[in-house]
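Peer 1: Quick one: the structure is below, and I'll ask about it shortly.
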Ligand code: PEP
Ligand code: CO
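Below, the structure is given as structure tokens:
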């Protein structure tokens, strides 16, 4: 649409404000991407149980994260948000959880060292179980069934039983999110993130990685600096632990509503299924249920911003979701694709500037770069991921804005899902270890390479 055809901007605080918000007020708005539960009584029974179960996070953690995100908005911290595209119930295991943590800890060490600023670690985990899909159904050999929407909703197997949306899965998802959080918290409290022991984060299968030597060299430098400081000053606090916050797409609204609570000595409502919910690209309609739900919770929230986002739509989303311009409240995660970012990001940065509101800009270089190979396999080329991220830094810098974080899909498992990177994975390599049920993820080396790239683009560099 040409600039002259763009609708004029609506006044601040559109009509929605006239309607009071409730945890269930989203139900009066069109809700995209929602499964159809056949039996309302069965749904009600599951939600009744969920409403009585304890939440997964606390309001004070949520508010603490908001302050850290406010720091990131001011350039005092860098956000590293990463994890699976879709967690699965089957992957709620010791190895998968610990390995993902190892990759994130190694990346954050590279970032802290190179950027010389604290890194805010947010996992795409402990609840990333619901997925938006491009169609409601899937047809194979003339048989049509509901599409797989993530383990929180139904099962991936192509059978009527598995594909039936089952409300009891929300109870299972809540339990597995709780187990994941519990294990992450216990590892960290037990010393897993202690900088004195970076060897805890080594992954067995990466011994011969081309990047491991550079990483080990950096770790040796950090260890000797820590040793030097502690020799002079005695044990220094802050090296022992690294906090993790959780995030997921707030997609399945009945589930999110059941975890939305009021707490003593705080005003308002918190979605206590996660610290940091986000609104996906397919559910960011101004008059949609997901925006209605998120406007009323006190959590920090993020919106995915794709190439189709209209300037005016983004401005109005900011009005709705951050009417008071509260520090840390709103994060914009742009995901344009390497070929689209130069065209779309500058206009959106200008649109946000025109509102005068504060946001945290974050780059997701994954979702705009997904492609399907001739054999139907979904992949992403590392060169495109890298290019989008590099362009993001440059475009923000040129616009007098700031890229304050990255949002990545990655795993600590030995997978070959994205092509390229340090080992230059080819199309033929994808067959070796393609495990994702949804989007292709970065493996360890590709993740570490991106962390090193971020340091270089931010003007830092390993000593
Ligand atoms: C995702 O983050 O897995 C996702 C579906 O992203 P988007 O909404 O940006 O497409
Ligand atoms: Co994804």
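Numbering (this note's numbering), first residue to last: 103 to 565.
Just so it is clear, CB atoms sit at the ideal spot from N, CA and C, and this is done for glycine as well.
Note that the coordinates shown come from a computational prediction; the quantities given were computed from them, not determined experimentally.
1. Would you please state the rounded distance, in angstroms, between the beta carbons of residue 509 and residue 230? I believe it to be under 8 Å.
2. Say the cut is 7 Å; is the CB of residue 479 nearer than that to a heavy atom of the ligand CO?
3. On the DSSP bridge assignment, give the partners of residue 259 in chain order.
4. On the premise that residue 513 lies in contact with residue 471, defined as a C-beta separation below 8 Å, what is that separation, rounded to the nearest angstrom?
5. From this set, 404, 540, 425, which residue's C-alpha is nearest residue 464's C-alpha?
6. Does the ligand PEP have even one heavy atom less than 7 Å from the beta-carbon of residue 466?
7. Measure the C-alpha to C-alpha separation of residue 260 and residue 247 and round it to an integer number of angstroms.
8. Leaving out five residues before and five after residue 152 in sequence, what residues of the same chain have Cβ atoms less than 8 Å from its Cβ?
9. For the beta strand (DSSP E) holding residue 465, just list the boundary residues, first then last.
10. Could you spell out where the alpha helix (DSSP H) holding residue 533 opens and where it closes?
11. By Cβ distance, which residues of its chain are closer than 7 Å to residue 382, with the 5 residues on each side in sequence left out?
12. Can you name the start and end residues of the beta strand (DSSP E) that residue 405 belongs to?
13. List in chain order: all unbroken alpha helix (DSSP H) runs of 4+ residues lying wholly within the region 465–549.
14. By alpha-carbon positions, which one of 429, 447, 243 ends up nearest to residue 167?
15. Tell me which same chain residues have a C-beta within less than 7 Å of the C-beta of residue 480, skipping the five on either side of it?
16. Looking at C-alpha atoms only, which residue of 270, 263, 326 is the closest neighbour of residue 147?
17. At which residue ranges does the region 420–467 contain complete alpha helix (DSSP H) runs of 4 or more residues, listed in the order of the chain?
18. How far does the alpha helix (DSSP H) with residue 324 in it reach, from first residue to last?
Peer 2: So, to answer that:
1. The Cβ separation is near 12 Å, so there is no contact.
2. no
3. Residue 259 pairs with nothing; no bridge assigned.
4. Not really, about 17 Å apart at Cβ, beyond 8 Å.
5. 404
6. yes
7. 8 Å
8. 272, 273, 276, 357, 360, 361
9. 462–465
10. First-last for residue 533: undefined, no H or E at that position.
11. 234, 351, 353, 406
12. 403–407
13. 484–500
14. 429
15. 472, 474, 541, 542
16. 270
17. 443–457
18. 314–335
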